[in-house]
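Heads up, the thing below is written out as structure tokens.
Numbering (our numbering), first residue to last: 233 to 460.
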């Protein structure tokens, strides 16, 4: 039996073995580093996913700059700006939740997780009204793009391509927000039960890393789609 295996067996045999420590890890620090590495690898795949969409946006914008500049005015920058503020606020509160977890402040942890969760819900509610407003005027992606009424003047060639990119990029981003809501609900319930302490708050920090990426992606989407 190797020394490493013997050490691991000795540690796991102790009565003070932490409940959160999985059997294949020797220490909590080792488990945390492995978990963090796994999250970073996942985030890299997410960056690659959105990078492909940003490349598609760039190519189509170079091909049809006047179309993209014209129909982008159909997007309400005020709603986009509101969602930007909401996500920036949520990025701050999730950072504070990690801080309070490190300080063993259960009340501060739960409050900031709840605020983050509410901000995520507000983001999707604003997106819902933004989408339905466009749908009511015939602003759909691709060949389904047929604006009517006061928006009929925007029925120009290649405009559907812009909204295909818009709906795909914001839709996939919105799906990530929805996933984040589910995770935050789970994390908040565990925080209320007192599962997290200064010795163990890995799920809170990993969720924070994921949420920061969601925020950063929107920081790029907002100016590219709404302002430029």
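For every residue, glycine included, the Cβ atom is placed at its ideal position computed from N, Cα and C. Predicted, not measured: the structure shown is a model, and the values here were computed from it.
Closest to residue i by CA distance: which of the options is it?
i, options, result
"residue 357", "445, 315, 277", "315"
"residue 416", "313, 352, 304", "352"
"residue 283", "355, 313, 450", "450"
"residue 462", "362, 370, 413", "Summary: the structure shown does not reach residue 462, with the chain confined to residues 233 through 460, and so no result is reported for it."
"residue 274", "438, 453, 456, 452", "438"
"residue 392", "377, 268, 400, 309", "377"
"residue 268", "441, 390, 304, 399", "441"
"residue 329", "407, 443, 452", "443"
"residue 448", "321, 302, 421, 301", "321"
"residue 285", "414, 401, 350", "401"
Only counting the same chain, and skipping five residues up and downstream in sequence, which positions put a Cβ closer than 6 Å to that of residue i?
i, result
"residue 340", "332"
"residue 325", "344, 347, 348"
"residue 310", "none"
"residue 390", "296, 299"
Expressed to the nearest angstrom, what Euclidean distance is found between the alpha-carbon atoms of residue i and residue j?
i, j, result
"residue 433", "residue 427", "8 Å"
"residue 395", "residue 435", "36 Å"
"residue 429", "residue 323", "21 Å"
"residue 289", "residue 425", "45 Å"
"residue 409", "residue 337", "26 Å"
"residue 446", "residue 411", "10 Å"
"residue 292", "residue 373", "14 Å"
"residue 319", "residue 388", "33 Å"
"residue 307", "residue 335", "43 Å"
"residue 386", "residue 278", "33 Å"
"residue 403", "residue 457", "13 Å"
"residue 355", "residue 405", "11 Å"
"residue 238", "residue 272", "Confidence in residue 238 is poor, its pLDDT being 43 and thus under 50, which makes the residue's placement too unreliable to answer from."
"residue 287", "residue 360", "26 Å"
"residue 366", "residue 431", "48 Å"
"residue 295", "residue 375", "18 Å"
"residue 253", "residue 327", "Any reading at residue 253 must be qualified, since the residue scores a pLDDT of 47, below 50, and its modelled position is unreliable; the value itself is stated next. So the two alpha carbons sit approximately 24 Å from each other."
"residue 383", "residue 419", "44 Å"
"residue 421", "residue 302", "46 Å"
"residue 371", "residue 364", "10 Å"
"residue 281", "residue 452", "14 Å"
"residue 317", "residue 350", "13 Å"
Would you decide whether residue i is buried or exposed? Buried here means 16 or more other CB atoms lie within 10 Å of its CB.
i, result
"residue 299", "buried"
"residue 423", "buried"
"residue 379", "buried"
"residue 342", "buried"
"residue 454", "buried"
"residue 304", "buried"
"residue 397", "buried"
Please list, in chain order, all residues of the same chain as residue i whose beta carbon is under 7 Å from its beta carbon, the five residues on each side excluded.
i, result
"residue 381", "369"
"residue 399", "373"
"residue 459", "309"
For this session: Any chance you could list the alpha helix (DSSP H) runs of at least 4 consecutive residues sitting entirely within the region 386–450, in chain order?
Result: 391–424
Exercise. Curious, which full-length beta strand (DSSP E) runs of at least 3 residues does the region 293–361 contain?
Worked result: none
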